[in-house]
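First comes the structure, then the notes that go with it.
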Amino acid sequence: MRLSEAVRGALWESALGRRMGDKREEVETVARTLLEAEDLVVVTSNEKKVKAVNEVLREFGMREARPADLPTDMADATPCPALFKAVMGVQATDADVVIARGRLGVPGSGAMTVLMDSRCRVLTAALSPPHPLHGMDVEEAVRRELREALSRVIRSKG
284 MRLSEAVRGA LWESALGRRM GDKREEVETV ARTLLEAEDL VVVTSNEKKV KAVNEVLREF
344 GMREARPADL PTDMADATPC PALFKAVMGV QATDADVVIA RGRLGVPGSG AMTVLMDSRC
404 RVLTAALSPP HPLHGMDVEE AVRRELREAL SRVIRSKG
């Protein structure tokens, strides 16, 4: 099943009042989309974040991501900076999958790591509480969020 077929089927099920939650085939389609992605980018110029992302991608049998150095400061003025950063990555690159991490919402709301395909469809995501509550350094927070996001749809290889 292609991702567009899964989306179309779910839309019709919802419209007809028959949608009963995610199906195994849909989860497998998302997993396959991620695992088969040839070009992945992470929206950051921070090499430590890129290294942390690539460590986790390898754990899941995925290709490494390259950095997409974009001016993401403006994302902080949007309602969901993490999603905005991912959309920026989709628009500014030809990547199959874009990985972005940023603030979830208002200052103090925590962070989100999101994986989006080349059509701005969210494939998976994970959240972290605000830094004062979890106390992790940014690299560890990135690893934890990405592991959680990927483990929602893929079993770790490592």
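Residue numbering for the sequence shown follows the working numbering, beginning at 284 and increasing consecutively. Glycine included, every Cβ here is placed at the ideal spot set by N, Cα and C. Only a predicted model underlies this, so the values are computations on that prediction, with no experimental measurement involved.
Comparing alpha-carbon positions, the option among V381, P412, A394 and L387 lying closest to R402 turns out to be V381.
Within the same chain, G391 and G393 come within 6 Å of P413 by CB-CB distance, once the 5 residues on both sides are set aside. Put simply, of D352, T361, L318 and T355 the residue whose alpha carbon is nearest the alpha carbon of V339 is L318.
Here the C-alpha atom of A409 lies approximately 18 Å from the C-alpha atom of G372.
Sequence-distant Cβ neighbours of T327 in its own chain, meaning closer than 7 Å and more than five residues away, are V333 and P350. By the neighbour-count definition (other C-beta atoms within 10 Å, threshold 16), P362 is an exposed residue.
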